[in-house]
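See below for the structure under consideration.
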Amino acid sequence: MKRFMVIAATALMTLGGAGIATAAEPVGGLGFGQHVAAVAPEHPIQCGAGFGACVSAMARGEPCPHTH
Numbered sequence: 047m048k049r050f051m052v053i054a055a056t057a058l059m060t061l062g063g064a065g066i067a068t069a070a071e072p073v074g075g076l077g078f079g080q081h082v083a084a085v086a087p088e089h090p091i092q093c094g095a096g097f098g099a100c101v102s103a104m105a106r107g108e109p110c111p112h113t114h
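The sequence shown maps to residues 47 to 114 in the numbering used here.
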């Protein structure tokens, strides 16, 4: 019985995370992460609140509202 519980627990831990791996990416998608990575850390310092607006808009799937 103890061996069965260990095997069942191992299977549950292994397969339980599979749903996370196949989950859809956030609304912003891959372009969102690439855009933010490309402009940080200089962009937040230069643009201040404009950078926050850009991140917020892109997280919702909208284009960045200010020019770079």
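Beta carbons are placed, not taken as given, at the ideal position from N, Cα and C, and that holds for glycine.
Please say whether residue j and residue i have beta carbons closer to each other than 8 Å?
i            : j              : result
proline 111  : cysteine 100   : yes
histidine 81 : methionine 104 : yes
Would you give the residue range spanned by the alpha helix (DSSP H) that residue i belongs to?
i              : result
cysteine 110   : Run containing cysteine 110: none; DSSP gives neither H nor E here.
methionine 104 : 95-105
Applying the criterion that 16 or more other CB atoms from any shown protein chain within 10 Å of the CB defines a buried residue, is residue i buried or exposed?
i                : result
phenylalanine 78 : buried
phenylalanine 97 : buried
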